[in-house]
Every structure is written in structure tokens, then in C-alpha cells.
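Q: Handing you this structure, nothing more for now.
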Amino acid sequence: MAKHAVGPMPIEDFMKFIPECLQRPDTTMPDSRKAFSKVPKHGDVGFKNERSLYDPINEAFNTKRKTTHGMMTRCPGVTFYNTSDQPGPGKYSTKVDSSGYAQAHLEFVKNAGSSAIVSNPGFWQLFWEGKMTDFAGESGVLFEHITDERKKQRVIADFGQTAFYAVQMLANQFRDFAFSISMTDETARLLRWDRSGVIFSEAIHYRRNPEPLCRFLWRFGNANPSQRGADMTVHQCITEAEEVLFRDTRLAKALEKHYEPGQVCIVEVFKHREDQSLSSVVEISKSGAGASSRRDSQIPGVSTSNLTMLTGLAVLLAGYWAVDLQTKTIVFLKDCWRAKVEAVDMEGLMLQNLRASVYVESHAETAVTLTSKHTKDSWNKGSKSIRVRTHYRMVTAEVGYALQETFAGTRELISGCQDVFHVLYKAITLADIMHRDISSTNIILVADEMHNFGNRVAYVIDWEFALAANRQGKHRDWWRTGTVAFMCINALPSTIDEEGHYTHFFGYDVESLVYVALYCGLYRLPWKSYSEKRHQFFLQNLFNYDRGCAFKWQLVTRKKDDLWAVFEGPEFCKWFKAALNLISMWYPTPESLPSPQAILTEFSKTVEVNPASLDERDAVSRKMPVRGLPIGAVNCATQSSSPKTPDTSKEPLRRLRSHVVDSSPPEGAPRRGMILRGRGQPRGSPSNAVGRNTRRRKQPGDEIGDGMDGEHHKKRKKSRK
502 MAKHAVGPMP IEDFMKFIPE CLQRPDTTMP DSRKAFSKVP KHGDVGFKNE RSLYDPINEA
562 FNTKRKTTHG MMTRCPGVTF YNTSDQPGPG KYSTKVDSSG YAQAHLEFVK NAGSSAIVSN
622 PGFWQLFWEG KMTDFAGESG VLFEHITDER KKQRVIADFG QTAFYAVQML ANQFRDFAFS
682 ISMTDETARL LRWDRSGVIF SEAIHYRRNP EPLCRFLWRF GNANPSQRGA DMTVHQCITE
742 AEEVLFRDTR LAKALEKHYE PGQVCIVEVF KHREDQSLSS VVEISKSGAG ASSRRDSQIP
802 GVSTSNLTML TGLAVLLAGY WAVDLQTKTI VFLKDCWRAK VEAVDMEGLM LQNLRASVYV
862 ESHAETAVTL TSKHTKDSWN KGSKSIRVRT HYRMVTAEVG YALQETFAGT RELISGCQDV
922 FHVLYKAITL ADIMHRDISS TNIILVADEM HNFGNRVAYV IDWEFALAAN RQGKHRDWWR
982 TGTVAFMCIN ALPSTIDEEG HYTHFFGYDV ESLVYVALYC GLYRLPWKSY SEKRHQFFLQ
1042 NLFNYDRGCA FKWQLVTRKK DDLWAVFEGP EFCKWFKAAL NLISMWYPTP ESLPSPQAIL
1102 TEFSKTVEVN PASLDERDAV SRKMPVRGLP IGAVNCATQS SSPKTPDTSK EPLRRLRSHV
1162 VDSSPPEGAP RRGMILRGRG QPRGSPSNAV GRNTRRRKQP GDEIGDGMDG EHHKKRKKSR
1222 K
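My numbering applies: residue 502 is where the sequence shown begins, and numbers increase by one.
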């Protein structure tokens, strides 16, 4: 987190984040003299550790004092509670030292079994943490003022804990930014958090000069929601009729696990206009004007992602089931904070450029982070390079289910991968676009009137990392290209030169696709003799960041590949062997890489098969044997019924659509892929998002045991007799 910290910002500059209230100017706040005189300090009889600060500081914040507006606290409208031993709900529970709540929210943050107020980041207005040591010295440099190594590590951990609380606040509320306070027995620092990082203020020596801290609290208490960081394009108070619309919309059963009564709200999604700057869109969203340039979508208050890092991908992307209030249809709302990178376009624009007709209903940027704006300021002793991020929303209509979890058998797995190959080929030849992030969750299976379960069509999703081939000179670092588990050999350690040079080409997307096929096959196709130990070996080596290069090289180049043929069905083994031979066209790397046309010719000649001859329903339920994989998996029940697969060769770019993936469709969900969830679980459960562009890995949940594999093996043997 220190790499994303900017400071120490002068106090008066920090105060500009919350302007003075005209109705209650600073001159009318309670007298700040001796405001914290009852707070104990190191050396006092009543001071033992940081816990000695909690109640006295809360009392100083909450005690009402006489003002020209009557008796008021130092932070009007916000009351602080000691929640250091009162964890809130959910697996990622928090025990922040002091939670600041609005009076209207107190009924939602009470312990069910008592009247105690718990720590619930979904309702924090402001929080503060008490620490024994300030995280920055007088110079403002983080941690360098601490000479004792053990003490330094403890302070670093404390700073990380505060960052985690800020992450949870941003994750559980519709916010553009948030504030917190870090306090020791002598000093206080103000912090402003957004999706680019954190800005911290100069130290406030609140015993000898309490006025700045009191002024910040006064301004915060009198600030409007927008000034406190709330996203003003989200309206949580809706009419009962609008909530009924969400409940009664077609396919409501499939929506049930994403719907919580009283948790439905309205989100404004602007339509992107080339002639409208981001600043003007932000002003429109704050003022509520500009109705002609926006469309409203009604969404449930349950996010499909969970945030664990302030600037990692998980914190930057969320997805919601939604009902379009104009069309009364179910859509998906993708909500993310995208990096402003010259060579990377908005995903909505990328998708529109990829096809003749537009499937993106609306998309636009609505806000921008401020942390990066201050990296060049003279007072900054923190990070000098922080990326600007913009709040980006996109509404799409098409939906489906994740390939890795829901393919019915060998037929859907192979035909799906073949579908994706042709999509990638058409993207590079017709639009000069490379996807650069083919993974097991970026491929979905979509059913319609002509394609039912067992015969669904594969679509490619998540084009936000896509890049035009002619912009290679400007693309991001090599390690930002692709999902770790499925990266091509040349994008993994030991093949990158010292300066990190790497140039992507069409074949590397195809290579990632082959690794996806193997990963999915290992997970859900029958083995000759399933071994959890051997499955674990593949996952920990072939799909590993450090060892993946060597093992993938061995897989692609070795002649005796029978050691990898663990599958019971010969169809997949034959197809996979041919796919490996295809990859060998560019390994070892030739002087001239094969053209997309050459790869297509070889693919059509040696790899592509007629899916009609493949087993339609041989997928099994199996648990992942390793926790902490580079890719996650959640088991899902196999469904039934499938018509014949019609010829789709005349649909060149039909599958270049943006979707959201439902990795575990609910019981009774329609077989038509009309509704789906984003990557991940509902809020309050572990994230199911793929750890993209990072070595951080998610932990799969508990799945159905592998006994199903043995039962399936017996059934196949019996049917052959």
C-alpha cells in the first residue's frame, strides 16, 4: 500500500477536500481549546496501550457543546462507537477501533443478540484507528523514522490493517472516496482513500493545537453526501413500485439469490459521447441534470465481487444484476475503476469497434481519482507515480454461464474452444484486435432457441485488456498481459529479457485457449484413474507463475506426451494433442512468427473436429484439490436437454459480445442463458474472481467430492458392455 500513498499534504490543502459549510461556518463550531485534554498519553497512569485511547477520544468527539446553533457535537450527525471488540457480519468481518455512524443507520449496526454497536463497513461515515506509533515521521516519509526493525514491521502491518478497513468501506458502499483518521497519543493524521491510493496529511499535534482536527470533524459533520465521498449516481431510496418491478421481471427465480428486500436501488448510467469531457459528466452526475444523456438501471444491493485490495483488480471491478427501467428487461451492469492508459480503450468502445451492430446498451466514465493528481506536488514524500483511474459503467444485454463450471461434456468444451478460436481470428483479421486475456472465466456458454444445454455457443467476454496490434509499442508491461494460469510461455519468467520486453501476437491468445481447455478438462472431464495428488501436481506446476514456463515448455515440445493423457475419453486426448502440435508452430520461436492465416489453416486442417461426434454429457462434478490456486472454481450441477447445433459459420462477429459469468446457476434457473452473475460471490462471501495480472491467487470454496468421478467411470464401463 505504501507504493500508493501520497503525503504529507499540508493541513490547509487537505481541508479543501471538504469545503466550509456556508450555513455553519468554521467560526461557529464548538470551542476547540482543551478538546482532548482528557485523552491519556504515554507515561500517564491510565495509559497502557492504544486501547486506552478509544473511549476518551470517542467521548471528546461525541460530547455536545454549546454553539450558536445550539448544543452540538464536534462532528454533527455522526456518532462514534468503540467497535474494537465488536466484529461485523460476513467472513471479512472488521473490528475497526472506532466506527462513526449516522443516527439513521444505528438500527442496522446493532448486534442481533445484544444492543452493542458492531463494526459494519457498509454503514461507516468515518472511522478512526488508534496506534502506538505514527506511520510517518516528521519528514513525512513512511516508516523510515522507525529504527527498530520489529517495531517497523508492526507499524507497517498496522498501516495495512487501516488500508484493509478502507477497502471494506469502499467495497460495501457506493462510494467514490472515503475518509479516515489515524491517531496516536500525541498526533493525528487525516486520510483520504480512493481507488488509486491514499493521501495522508501532515501530523496534527492535537494536544497543543486541536483546532485543525476539530475543524475537520466539524466540516465533515456538516458536509453533504457527495463531499463525504458518496456516489451520487446511485439512489437507494426508491419507490415500492420500482422494487416490485425488479421482483416481477421475467426469470425472477434466477434473480432470487441476488435479490434482498429493501436493498434495491437506482443507478444512473450515462451514454458515452465523444464531445463530452469527463469533467462535464461528473458535474452532471452531481447536479442531477442531463437526463437526456443517461439511462437508468435498477439494480439489487448485492455486488457479485468482494474487495480485498485497494488498487488490485478485485477492488476495481464489480458486477450487478439489473433491470433496465426503460426496456423492463434484465441486463448486466459492469461497474469498475479503469486505468487511464493511452493504449487501452474503454471496453464499450472496443466492443462497438468489433462488430457491425452495437450490443453495448450504454457506457460512460462518471468520476476520477484524485490521489495521482498530487504525486508531483513539492510536499509529497510518498509515491511519485500513481495511475489515474476513472469510474466506468457499462450495461450489456447478452448473458451466459461460465465455461469452466458448466460445460456439459467433451462436446461443449471442444466446440466452445473452437468457437473462441474463430472469434479471436476474426477479431485480429477484421479489426486488428488481440484479446490478451483468454482465461477459463472469460469464455461463457450461451443458450438460445437453437442452442440448448449440451450444445451451447461459446462467447468471448472481458475485452478491457484488448489491444490493437498496431499499438504494440505503447502497450503495458508484459506482466500486465493475461491471466497468470493461462499465460503463454513467452510471457512467463525466464523467457522475458532483463528490461521486460514482450510483444503479444495472435498465436499467444490461441496458446492461452489451449491451456484453458486443459484446465477445464482436468477439472471436470472423467480421468482414466483420478488422482487428487496428480491433479494437484498439474495445478501447482503447469498453471503456476514461477514454474509454469518450464512445465508448459515441456508440455509443448516433448515428444512423449502420453504422460499427459490422463483422460478417459480418447476424443479430448486426440484434440488436445493436435492443439499442442499447433502451438509448436511458434516454439522454439522462429525468426518470423506465423501469420493468423497460417495458424487458421493449420488449425482447420489438424485440430478442428466436428462436435456432433463428441460425447455430450460426460462432465463430472469434482472438487479442486488445492487451496490458493491461480484460478478459482465453484462446482455447479449438470443440467439437461439439448437440440442439434446449427451452422453458425455465417456469423462473423456475432460472438464478440460483452457478458457476465454465472459460475453457479441456481436450481431451477432457465436453460436459456438470459441471466447471469459477474465473476464472484454475493457480498459477504469469498471472492470468486480470477487473480488477473498478479501472483495473488484466490481460494476455491468447498465443492462436491470426487466420488462422482468414480461413479461416472463405472456407469460408462457398464454402458459399453
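From the three backbone atoms N, C-alpha and C, an ideal C-beta is built for every residue, glycine too.
1) Considering only C-alpha positions, which residue in the set Phe721, Phe966, Asn710, Gly698 is nearest to alanine 689?
2) If you draw a straight line from the alpha carbon of proline 509 to that of aspartate 677, how long is it in whole angstroms?
3) Please go through the stretch 909-987 and give each complete beta strand (DSSP E) segment of 3 or more residues, from N-terminal end onward.
4) Is threonine 663 closer than 8 Å to serine 681 when the C-beta atoms are compared?
5) Give every residue of the same chain whose Cβ lies closer than 6 Å to the Cβ of tryptophan 1054, excluding the five residues on either side of it in the sequence, and list them in chain order.
6) Applying the criterion that 16 or more other CB atoms from any shown protein chain within 10 Å of the CB defines a buried residue, is aspartate 586 buried or exposed?
7) Per DSSP, serine 681 forms a beta bridge with which residues?
8) On the three-state DSSP scale, how would you describe methionine 847?
9) Contact between the stretch 916-932 and the stretch 866-877 is defined here as three or more beta-carbon pairs at a separation below 8 Å; is this criterion met?
10) Any beta carbon from chain D within less than 8 Å of asparagine 725's own beta carbon?
11) According to DSSP, what are the bridge partners of valine 579?
12) Using only alpha-carbon positions, find the residue among Phe833, Glu1033, Trp719 that is nearest to leucine 523.
13) Would a C-beta distance cut-off of 8 Å place alanine 1299 and arginine 1118 closer than the cut-off?
14) Report the three-state DSSP secondary structure of histidine 1005 (helix, strand or coil).
15) What alpha helix (DSSP H) runs, 4 residues minimum, are completely inside the stretch 1049-1136?
16) Would you identify the three-state DSSP class for serine 879, choosing helix, strand or coil?
17) Going by the DSSP bridge assignment, what does threonine 568 pair with across the sheet?
18) Do isoleucine 700 and threonine 872 count as a contact pair if the criterion is CB distance below 8 Å?
19) Valine 1110: which of Thr942, Ser1013, Val619, Ile915 sits nearest, CA to CA?
20) Please state if the CB of phenylalanine 1039 and the CB of leucine 1023 are separated by a distance shorter than 8 Å.
21) If you run the structure through DSSP and keep just helix, strand and coil, what is glycine 508?
22) Mind reading off the beta-carbon distance from asparagine 621 to proline 577? Whole number of angstroms is fine, and I expect it under 8 Å.
23) Going by DSSP, what residue range makes up the alpha helix (DSSP H) through alanine 667?
24) Hey, glycine 698 and valine 507: beta-carbon distance below 8 Å or not?
25) Looking at isoleucine 929 and valine 1015, is the spacing between their C-beta atoms short of 8 Å?
26) Within its chain, find whatever has a CB closer than 8 Å to the CB of proline 541; leave out the 5 residues flanking it on each side and keep chain order.
27) Report buried or exposed for leucine 481, applying the criterion of at least 16 other Cβ atoms within 10 angstroms of its Cβ.
28) For aspartate 598 and tryptophan 880, I'd like the C-alpha separation in whole angstroms.
29) Where does alanine 536 sit, in a helix, a strand or coil, going by DSSP?
30) In chain order, what residues of the same chain lie with their CB nearer than 6 Å to the CB of phenylalanine 660, ignoring the 5 residues before and after it?
31) For alanine 605, does the count of other Cβ atoms within 10 angstroms reach 16, so buried, or fall short, so exposed?
32) If you draw a straight line from the C-alpha of histidine 457 to the C-alpha of valine 610, how long is it?
33) Determine the DSSP secondary structure at glutamate 712, reduced to helix, strand or coil.
34) Put aspartate 527 into one of helix, strand or coil per three-state DSSP.
35) Residues in its own chain within less than 8 Å of histidine 505 by CB, not counting five upstream and five downstream?
36) From which residue to which residue does the alpha helix (DSSP H) around glutamate 1033 run?
A: On the basis of the supplied data:
1) Asn710
2) 21 Å
3) 944-947, 958-961
4) yes
5) Ile990
6) exposed
7) Phe628, Leu692
8) coil
9) no
10) Structure shown: chain D not included; a single protein chain is present.
11) Ala603
12) Trp719
13) Absent from the model: residue 1299. The displayed extent of the chain is 502 to 1222, so no value can be given.
14) coil
15) 1049-1058, 1071-1084, 1097-1103
16) coil
17) Gly571
18) yes
19) Ile915
20) yes
21) strand
22) Not confirmed; about 21 Å, so no contact.
23) 650-673
24) yes
25) no
26) Gly547, Phe548, Ser553, Leu554, Pro557, Asp686
27) Coverage of the chain is limited to positions 502 through 1222, which leaves residue 481 absent and any answer about it impossible.
28) 30 Å
29) coil
30) Phe636
31) exposed
32) One cannot answer for residue 457 here, as it falls past the ends of the chain, which runs 502 to 1222.
33) helix
34) helix
35) Ser697, Gly698, Val699, Leu811, Thr812, Thr872, Ser884, Ile887
36) 1033-1042
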